[in-house]
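Below is one structure; the comments refer to it alone.
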């Protein structure tokens, strides 16, 4: 078991150094995600993204120069026994000392008649994670959203929200004072995460939600995020640079060439100083 863990850890630093490790470190440094004396709750859902994030955190704590603490937090919102045991098994395989706490989110969400309750479930899960992390003395929670999640969010907001907007690499909590959310997997592409999983012969949960298990076909049919994922896959066939251009568009907005924008709840129009520009 010890040798297996060592090989998995080595694969992050060696085999997938460029695709995973370098991008993890770049996000940490570029977006200033970790500070001295942080105590970070690394939130593990049971999927490949969060488990890889946990291993990367262990590596950066082992090899990095900053002093910070980690708690590997698993919320059990009502997993069935098989799925919960799978999470425990993977934590043991990967040598991650998880701390599990219980909530009743699945039971509550399943009483709602709103089609797919995934958005509400995600909001409630995050609130519970913030609360538990703060109780444990943490000042940050880390979530495993990756590069593809960012791209999908950009397109979702353009096509269905009518705005240029994405998930940020970090943000302050509005409901839990002194708490911050960070996304250190921000620059890592999903295909590289999948390649790491396959290389190490690992198996993770896709989604352990009761609703997903019972309504998988319905969710697959109605999922707007899945629609965006497929759109991006088709765009990649047109050009390998499409996804990088899409990612850059929210980091390179030209305010002189947009009709309007919002800041701190106030809307601004290009007409506000239109005549002044001609003087």
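Numbering (the working numbering), first residue to last: 38 to 316. Quick reminder that beta carbons are idealized off the backbone N, C-alpha and C, glycines included.
Label residue i either buried or exposed according to how many other C-beta atoms from any shown protein chain fall within 10 Å of its C-beta, with 16 as the threshold for buried.
| i | result |
| --- | --- |
| residue 237 | buried |
| residue 275 | exposed |
| residue 295 | exposed |
| residue 47 | exposed |
| residue 88 | buried |
| residue 286 | exposed |
| residue 53 | buried |
| residue 49 | buried |
| residue 277 | exposed |
| residue 242 | buried |
Any idea which residues DSSP pairs residue i with across the strands?
| i | result |
| --- | --- |
| residue 80 | 110 |
| residue 209 | 217 |
| residue 72 | None, per the DSSP bridge assignment. |
| residue 138 | 112 |
| residue 300 | 303 |
| residue 179 | 79, 219 |
Return yes when at least one heavy atom of the ligand NAP lies under 7 Å from the C-beta of residue i, else no.
| i | result |
| --- | --- |
| residue 119 | As far as ligands go, the structure on display features none, and thus does not contain the ligand NAP. |
Have a look at the options and flag the residue whose alpha-carbon is nearest the alpha-carbon of residue i.
| i | options | result |
| --- | --- | --- |
| residue 182 | 223, 106, 216, 210 | 223 |
| residue 139 | 133, 132, 131, 118 | 118 |
| residue 268 | 300, 190, 231, 285 | 190 |
| residue 109 | 116, 102, 210, 129 | 129 |
| residue 90 | 61, 114, 212 | 61 |
| residue 102 | 74, 167, 277 | 74 |
| residue 178 | 199, 79, 112 | 79 |
| residue 184 | 196, 203, 194, 132 | 203 |
| residue 298 | 210, 199, 165, 264 | 199 |
| residue 121 | 97, 99, 82 | 82 |
| residue 284 | 205, 131, 188, 166 | 188 |
| residue 170 | 210, 266, 280 | 210 |
| residue 96 | 133, 194, 232, 225 | 133 |
| residue 45 | 232, 279, 174 | 232 |
| residue 163 | 98, 99, 212, 186 | 212 |
Taking the alpha-carbon positions, what's the residue i to residue j distance?
| i | j | result |
| --- | --- | --- |
| residue 216 | residue 312 | 44 Å |
| residue 43 | residue 106 | 21 Å |
| residue 94 | residue 303 | 38 Å |
| residue 127 | residue 308 | 56 Å |
| residue 230 | residue 261 | 22 Å |
| residue 282 | residue 271 | 15 Å |
| residue 214 | residue 315 | 46 Å |
| residue 221 | residue 306 | 34 Å |
| residue 176 | residue 168 | 11 Å |
| residue 59 | residue 301 | 34 Å |
| residue 63 | residue 207 | 14 Å |
| residue 39 | residue 273 | 39 Å |
| residue 196 | residue 264 | 11 Å |
| residue 116 | residue 240 | 17 Å |
| residue 172 | residue 137 | 14 Å |
| residue 228 | residue 310 | 45 Å |
| residue 131 | residue 205 | 28 Å |
| residue 166 | residue 51 | 32 Å |
| residue 113 | residue 104 | 29 Å |
| residue 180 | residue 293 | 34 Å |
Please confirm whether residue i has its beta-carbon closer than 8 Å to some beta-carbon of chain B.
| i | result |
| --- | --- |
| residue 80 | Protein chain content of the structure displayed is limited to a single chain, and chain B is not contained in it. |
Contact check, residue i vs residue j under 8 Å by CB: the rounded distance?
| i | j | result |
| --- | --- | --- |
| residue 65 | residue 71 | 6 Å |
| residue 201 | residue 290 | 7 Å |
| residue 111 | residue 135 | 5 Å |
| residue 234 | residue 85 | 5 Å |
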